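Worksheet for the structure shown next.
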Amino acid sequence: MNALPNIDVATECEALIQFLYLAPVGLAQTSIEGDIVLINPITSQLLMPLSRDGQLSNLFTALENVAPDLRHLVTSFSSARGMICDAHRIRLYAGTRRTTEPETLSLSLLKLDANRLMAVLSDVTLQVNRERLLRQNEAWLNAILTGISDYAIVGLDCAGCVTDCSDGVSRVTGFGTDAVLGRPYSVFYPEDSTTPDRVLDRLREADDNGWSLDNGWRIKADGTRFWGSAMIAPLHEHQIHDGERAYCLIIRDITDKREASEIQRKEQSCDHLTGIANRRAFFDAAELELERAKRSPRPLSLILLDADHFKSVNDRFGHRAGDQVLRHIADTLASTFRQIDVVARIGGEEFAVLLPSTNIEDAMAVAVRLQKLIQAQIVHVEGHDIRYTLSGGVAAMGTDISGLAELMKRADQALYAAKANGRNRIEYWSAK
Amino acid sequence: MSAVIALDFEQSGIGSKIAALTKAELDVLDFGVIGFDNDGIVRLYNEMESKFAGLSLEKVLGFSLFTVVAPCMNNFMVAQRFDDAAISGGVLDATIDYVLTLRMRPVKVKLRLLASPGDRFRYVLVRRDS
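First to last, the sequence lines map onto chains A and B.
For the first sequence, the numbering used here begins at 127 and goes up steadily by one.
For the second sequence, the numbering used here begins at 1193 and goes up steadily by one.
Shown next, in the form of structure tokens:
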């Protein structure tokens, strides 16, 4: 029986091939382990610049540098079929060679059955930038319009020091007016969550954008913490002398909303395996910090860390033990660095820490402390006692550095030197 | 077939030799040849490349290389090299490892990128890694 006598199979086949060649999104079919079976050209266009080994035989390997937790995401997906991730955002390296190179990719992974995955990949750089602006506006409206039960209004001078207080200040924070007058508004912040530079940064950002908002831990007079939102708005007109600038700070206790907003934040910004910041959150935070350092110069340091011989941990003790070690690194990082430092997992066994207002000597000191701490510890996994070490590279922002990519490159060179000099050590970049 | 001119993918100065070949001579080469003009429009497409990609000549000739014919090369590793060479007015002759998606299968290839100021066409040569 010949049901479709007029259709030439070869012509049909060519039309289908061209349809897939021209599809403006990346499509790939892989095994459950990520081995690529079918792939269209846009996928190759997007992945080849990222691929560590210059190959496209495995999707997870090709994306390892920018989305290290994919494999874990897939293996921990317990359903027989279904969407593993839907439009998952992947942040690429900052400052690539041409401005039209993608900055953010979107990845959806669908589990077809026990053996097959479908992946959809697209460049969403423009969309992400548009959304960022919208999100800021939304955050601002949320801050002023919702759940206004109690609030503290604080007047600030041009240096961020308290000039007057509403009655709400003692209700929300427990501080009497006398205790805070003349002191910088960081008095409402836990000690390691801000710096004198950051106090001024927020004022500058309020000048530029009309407001500055941050949610996070705040501190009361008795030393207890609460989850608060702090919005700063300028009270002066534009274009006046620095000394005449004045601001209004509104603090609200939003402890009851913390859980919901933290879940949302973690989904977007945290590494699936370790719970610390992911690449995307790291690059966003780092770019903001570089902007700040450019506007009002101050020290800024970056530490890149890499677990030594990590592959052999995986080989000897299995992937679960490897994951346990990665979690141990993340936990140790989080407890060693300050709240204001940005601690992130940016590659398979590669971690980064950005230290605002910190010079290279201080960054070195804390990196060495971390390296010695790790060296002295034992991770217990499934009856094994695992010892491991870290190598690290430190670099500081300099006037001869134009952007994040260059700073990362220097730290990476120092890390390479640490590896070359025998591992389990920290090196720093210098001009020589 | 005795008149076949044996060109080697790796031989030096291959660009000018390819420019001198007829369509029939291009078709017997054992590697793919794509020639495109200064606007990025495909003007030459040999038999081997047509077989690799599963596309016939009429689907390719007259269309834009990096947006319609081979979008997989539209990144800084390939397209940007040609753009940079055009801007600097320099000669481009580089061989890189790449993965093409021929008939939707990832295939490891060597690409040789050729551009020379004043020449009619620029070329991408494609050889499958064995």
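Glycine included, C-beta positions come from ideal geometry on N, C-alpha and C.
Computed from a predicted model, the values in this text were never measured in an experiment.
For M490 (chain A), the enclosing alpha helix (DSSP H) begins and ends at I486 to Q501. Going by beta carbons, D318 (chain A) and I466 (chain A) fall inside the 8 Å limit.
Near chain B, meaning a CB-to-CB distance below 9 Å, the residues of the region 163 to 175 of chain A are V163, L164, I165, N166, P167, I168, T169, S170, Q171, L172, L173, M174 and P175. Taking H454 (chain A) as the centre and dropping the five residues before and after it, the same chain places the C-beta of V505 closer than 6 Å to its C-beta, in chain order. Around E227 (chain A), the beta-carbon contacts reaching into chain B at under 9 Å are N1267, F1268 and Q1272.
In this structure, DSSP gives K346 (chain A) a state outside helix and strand, which the three-state scheme calls coil.
Taken in chain order, the complete beta strand (DSSP E) segments of 3 or more residues contained in the region 154 to 194 of chain A are 162 to 165.
DSSP places T251 (chain A) within a helical segment (H, G or I) once states are collapsed to three.
For the region 1286 to 1301 of chain B, the set of positions with a beta-carbon nearer than 8 Å to some beta-carbon of chain A reads D1289, Y1290, V1291, L1292, T1293, R1295, M1296, R1297, P1298 and K1300 in chain order.
Of B:R1297, B:A1307 and B:L1305, the smallest CA-CA separation from Q181 (chain A) is found for B:R1297.
For the C-beta of E140 (chain A), the chain B residues within less than 9 Å are, from N- to C-terminus, G1246, L1247, S1248 and K1251. Between A1262 (chain B) and chain A, the shortest Cβ-Cβ separation is below 8 Å. Per DSSP, F408 (chain A) is one residue of the alpha helix (DSSP H) stretching across R405 to R421. Distance from the Cα of Q1272 (chain B) is smallest, within the candidate group A:E229, A:A206, A:P175 and A:H198, for A:P175. R258 (chain A) and G448 (chain A) have their alpha carbons spaced roughly 35 Å apart. Here the alpha carbon of R384 (chain A) sits roughly 27 Å from the alpha carbon of L452 (chain A). Nearest neighbour of L1253 (chain B) by Cα position, chosen from B:G1232, B:C1264, B:F1244 and B:I1288, turns out to be B:G1232. Sequence-distant partners of V151 (chain A) (beyond 5 residues in either direction) whose C-beta falls short of 8 Å from its own C-beta, in its chain, are I168, V246, L247 and S248.
If you draw a 10 Å sphere on the C-beta of T201 (chain A), you find fewer than 16 other C-beta atoms in it, and that means exposed. The beta-carbon distance between A386 (chain A) and C374 (chain A), rounded to whole angstroms, is 27 Å. This is too long to meet the 8 Å contact definition.
Under the three-state reduction of DSSP output, I389 (chain A) falls in the helix class. Of all residues in the region 456 to 490 of chain A, none is placed with a Cβ closer than 9 Å to any Cβ belonging to chain B. A distance of 8 Å or more separates the beta carbons of T1287 (chain B) and C1264 (chain B). DSSP lists no bridge partner for S1248 (chain B). In the DSSP assignment, G1207 (chain B) falls within the alpha helix (DSSP H) that extends over I1206 to A1211. The C-alpha of F408 (chain A) is placed about 23 Å away from the C-alpha of M357 (chain A).
DSSP places L307 (chain A) outside any beta strand (DSSP E), giving it a letter other than H or E. Annotation: E138 (chain A) to A1245 (chain B) spans about 15 Å, alpha carbon to alpha carbon. Within 10 angstroms of the beta-carbon of V163 (chain A) lie fewer than 16 other beta-carbons, which makes it exposed. An exposed status is given to G529 (chain A), since fewer than 16 other beta-carbon atoms sit within 10 Å of its beta-carbon. The C-alpha of S355 (chain A) lies about 24 Å from the C-alpha of D397 (chain A). Per DSSP, the continuous alpha helix (DSSP H) segment holding C139 (chain A) begins and ends at V135 to L148. The beta carbon of E415 (chain A) is closer than 7 Å to those of L426, L480 and P482 in its chain, skipping five residues each way along the sequence. Between the alpha carbons of E532 (chain A) and E159 (chain A) lies a gap of roughly 34 Å. Here the region 1277 to 1285 of chain B lies against the region 1297 to 1313 of chain B, with 3 or more beta-carbon pairs under 8 Å apart. When A:F301, A:K420, A:D434 and A:I402 are compared, the shortest CA-CA separation from I377 (chain A) is found for A:F301.
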